[in-house]
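Remarks on the structure that follows.
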Amino acid sequence: MEKEVLNFEEAAEFLKISTKTLNQILKDEDIPARKIGREWRFSKHALLDWLGRGSSKDYFKNQTISRFEETRKGKTENLISHAKEILDTISRERSITIENRRFDFPENVEMEVKIKRRMDTIKFELEFEWQTDEKGENESEEWKEQS
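The sequence shown begins at 1 in full-length UniProt numbering and counts up one residue at a time.
Structural data, given as structure tokens:
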């Protein structure tokens with residue numbers, strides 16, 4: 001009898017992707033899955049259905065249109081001060097100008113804060129995302145500070 005419920009590794013193998021890619025899909029997309037305790041479980045049928053409903057147009061429609069990335073090194077207090085300046089400008093003016101391009105922040109902005117640690121490096125990221133037009137295309141901006 002063929003297995004209908006897959007664990008994390010089996011789902012990655014079934015989809016012919018790495019476990020790293022599956023983990024990213026879990027974070028970024030609406031893949032059918034349940035976390036039971038500490039383990040992810042996937043219905044093989046639901047994964048096939050999800051895969052079949054996908055569209056390459058959805059992928060390209062949701063790509064980042066504009067991106068700005070800044071990496072700085074320095075003392076913690078200087079980096080925090082710089083990040084505060086950026087956020088204060090956004091808060092005060094509801095916009096920011098980067099590389100001669102102005103980005104206006106509407107009411108429906110989503111913000112994600114990420115702090116990642118790898119070995120002796122800590123990465124701090126802020127990501128803002130919002131709808132920009134009737135076509136449903138997203139525009140997002142990332143500001144990264146690395147110390």
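Beta carbons: idealized from backbone N, C-alpha and C, even for Gly.
Anticipated Cβ contact below 8 Å, residue i with residue j, distance rounded
{"i": "F124", "j": "I115", "result": "5 Å"}
{"i": "E4", "j": "H45", "result": "7 Å"}
{"i": "L47", "j": "L22", "result": "That belief does not hold up - the Cβ atoms of L47 and L22 are roughly 10 Å apart, past 8 Å."}
Residues near residue i by beta carbon distance below 7 Å, same chain, minus five either side
{"i": "I25", "result": "I31"}
{"i": "K135", "result": "With a pLDDT of 43 at K135, under the threshold of 50, the predicted position of this residue should be treated as unreliable, though the coordinate-derived value follows. For K135, where only same-chain residues beyond five positions count, there are no Cβ hits under 7 Å."}
{"i": "W50", "result": "I31, P32"}
{"i": "T19", "result": "F8, E9, A12"}
Residue closest to residue i, alpha-carbon to alpha-carbon, out of the options
{"i": "L6", "options": "D49, R94, R92, A33", "result": "A33"}
{"i": "T121", "options": "S91, E110, A83, T76", "result": "T76"}
{"i": "L126", "options": "M119, E93, G52, H82", "result": "H82"}
Close beta carbons around residue i, own chain, < 8 Å, minus the five adjacent residues each side
{"i": "K35", "result": "R41"}
Beta-carbon proximity list for residue i, same chain, < 6 Å, skipping 5 on both sides
{"i": "E112", "result": "E127"}
Counting pairs of Cβ atoms below 8 Å between the stretch 9 to 16 and the stretch 39 to 49, do you hit three or more?
-> yes
Which runs of the beta strand (DSSP E), 3 residues or longer, sit entirely within the stretch 8 to 34?
-> none
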